[in-house]
Amino acid sequence: MFPDIGQPIADAVNAGVRWLVVNYGGAFESFANALLSILVPIEQALRAAPPWLVLLAVGAIAFAASRKIVLAVVLMVLMWLIGGLGLWEQAMQTVAIVLVSVALAILLGIPTGILTARSDIARAILNPLLDLMQTIPSFVYLIPAAMLFGLGKVPAILATIVYATPPLIRLTDLGIREVGKSVMEASRAFGATYRQMLTGVQIPLALPSIMQGINQTIIMALSMVVIASMIGARGIGETVLIGLQRNDAGTGLLGGLAIVILAIVFDRISQSFGQRLQSYRAARG
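Have a look at this one:
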């Protein structure tokens, strides 16, 4: 009754992945090594640093972002609780992966969002791809990522980028498109070039939306840590995975609490930074 179109698609994908491995395996290995050269020093620095120094750094960053001493102290206490749960080392591994993933997502997402905001054709082409990235189960692209880069942190980072970048692209696009035409016409009347209008008008006015996109990207990156642990990324997600494998609800709960705490810390810092940027712009305006 139904034509067999599933197996040919699966065979074509498998053949494509094998072709990439055979012909470009060296290039993928070089890319993985370059990514690890960024990730490993960050992870080693976080794990080697005394916990009190990391706690002070978190407090200083939170205070710089919010200018609220209470928030800084609360976030330091929350990070201290992760150590109390016995998951400090795993948390530092997870933080390193999230920092690298989010940094790469920002480098890819903001320019792409600017492109889609300035080109309806690019937006029409990329929107279906973004829909696919957000809806397809992450396990689907973890498989080829693991085949191309092996097990470990690199495929986990790439899968996290695929999963977490679309909100940043969409919100960057939205923020720039919402800049009023009257503002753009006024800047054009003063002789501003397209680059000057982008960097001096559109991006500054779109900052609240862009910061919201970065916030969503951070939270979605953290939500990938458990899935990433299944291909050897380690970190807190591994604790949750061990609890699941051993039917150990307590261990799984500890890992879940640590992930929630990290999400709160990242969320409060990024939101405070975004609000501070808005206040600074309002004061200058």
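So the sequence shown is numbered by the numbering used here: it starts at -14 and just counts up by one.
Note that the Cβ used here is the ideal one computed from N, Cα and C, for glycine as well.
Please read all numbers here as calculations on a predicted model, not as lab measurements.
Count the other CB atoms, across all protein chains shown, that sit within 10 Å of the CB of residue i; report buried if there are 16 or more and exposed otherwise.
i	result
Tyr179	exposed
Thr120	exposed
Arg253	buried
Phe48	buried
Pro113	exposed
Val25	exposed
Gln187	buried
Leu143	buried
Phe124	exposed
Leu117	exposed
Asn200	buried
Thr184	exposed
Gln(-8)	exposed
Gln78	buried
Ala275	Since the first residue shown for the chain is -14 and the last is 270, residue 275 is missing from the structure and cannot be characterised.
Val85	buried
Ala278	This structure cannot speak to residue 278, because the chain is shown only from -14 to 270.
I need the DSSP call for residue i, collapsed to helix, strand or coil.
i	result
Leu72	coil
Ile(-10)	coil
Asp233	coil
Met209	coil
Val164	coil
Thr272	Residue 272 falls outside the range modelled here, since the chain spans only -14 to 270, and no answer is possible.
Thr120	helix
Ala(-5)	helix
Gly176	coil
Arg253	helix
Pro35	coil
Gly44	helix
Ser194	helix
Thr3	Residue identity differs from the one stated: residue 3 is Arg in this sequence, not Thr. Reduced to three states, the DSSP call for Arg3 is helix.
Lys155	Per the sequence shown, residue 155 should be read as Arg rather than Lys. Helix, per DSSP.
Gly240	helix
Met215	coil
Lys138	helix
Check the C-beta distance from residue i over to residue j and give it rounded, since I have them as a contact under 8 Å.
i	j	result
Val225	Gly240	4 Å
Leu136	Gly217	4 Å
Tyr126	Val147	6 Å
Leu70	Ala243	6 Å
Thr202	Leu262	Not a contact, Cβ separation roughly 17 Å.
Pro129	Val245	Contact doesn't hold; Cβ gap of about 31 Å is too wide.
Ile195	Ile46	Contact flag wrong, Cβ pair sits at about 19 Å.
Leu100	Ala107	5 Å
Pro189	Gly259	Actually they do not touch by this definition, with Cβ atoms about 13 Å apart.
Thr145	Met209	5 Å
In whole angstroms, what is the alpha-carbon distance linking residue i and residue j?
i	j	result
Leu207	Gly176	44 Å
Val43	Glu170	43 Å
Ala90	Ala174	35 Å
Ala76	Ile67	8 Å
Ser51	Leu40	16 Å
Glu223	Leu60	24 Å
Ile204	Asp233	26 Å
Ala12	Gly165	45 Å
Ser104	Thr150	19 Å
Val83	Asn8	31 Å
Leu111	Gly98	10 Å
Asn(-1)	Phe134	15 Å
Leu21	Ala88	14 Å
Leu38	Ile27	15 Å
Pro(-12)	Ala34	59 Å
Gly235	Leu72	13 Å
Gln(-3)	Val211	The sequence given here has Ala at residue -3, not Gln. C-alpha separation (whole angstroms): 30 Å.
Gly10	Ala(-5)	21 Å
Skipping 5 residues on each side, what residues in its chain have a beta carbon closer than 6 Å to that of residue i?
i	result
Ala102	Asp158, Ile161, Arg162
Ala191	Gly160, Ile161
Ser172	Met182, Val186
Skipping 5 residues on each side, what residues in its chain have a beta carbon closer than 8 Å to that of residue i?
i	result
Val80	Leu31, Leu247
Leu63	Ile246, Ile249, Val250
Excluding sequence positions up to five away, which residues of its chain have a Cβ less than 7 Å from the Cβ of residue i?
i	result
Gly237	Val225, Gly228, Leu229
Met132	Val2, Val6
Gln256	Asn200
Leu115	Pro151, Ile154, Arg155
Ile54	Phe48
So, does the CB of residue i fall closer than 8 Å to a CB anywhere in chain B?
i	result
Gly240	No chain B appears in this structure, which consists of one protein chain only.
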